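In what follows, a structure is listed as structure tokens, so that the remarks can point back to it.
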Amino acid sequence: MGTEPAASLEARLKTVAQTFRDSYKTKPDKTITKLLTSVAALGQIIQ
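Residue numbers 59 to 105, in our numbering, belong to the letters of the sequence shown in order.
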């Protein structure tokens, strides 16, 4: 893991998931792109 504590990473994941659910209802295509970007960014942090 990077310098970020696991609890904060978990909180961020929950926020991303919640945001994803909310915006997916209105803009599915754009949301999927944004989610993939977020996951990629989280992957960078974890490495």
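All residues carry an ideal CB built from backbone N, CA and C; glycine is no exception. As the structure is a computational prediction, the values presented were derived from the model and not from experiment.
8 Å CB neighbourhood of residue i in its chain, flanking five on each side removed
i: Ser81; result: Lys88, Thr89 and Lys92
Interface flag, residue i vs chain B, CB-CB below 8 Å
i: Glu68; result: This model lacks chain B altogether, as it is built from one protein chain only.
Contact set for residue i: own chain, Cβ-Cβ below 6 Å, skip 5 residues either direction
i: Val74; result: Ser96
C-alpha distance - residue i paired with residue j, whole-angstrom precision
i: Ala135; j: Arg70; result: Given a span of 59 to 105 for the chain in the structure shown, any question on residue 135 remains unanswerable.
i: Phe78; j: Ser66; result: 18 Å
i: Leu94; j: Pro63; result: 22 Å
i: Ile103; j: Gln76; result: 20 Å
i: Gly101; j: Lys85; result: 24 Å
Residue i burial status per 10 Å Cβ neighbour count (16 or more: buried)
i: Met59; result: Annotation note: pLDDT 46 at Met59 (below 50); position unreliable, coordinate value reported separately. With fewer than 16 other Cβ atoms within 10 Å, it is exposed.
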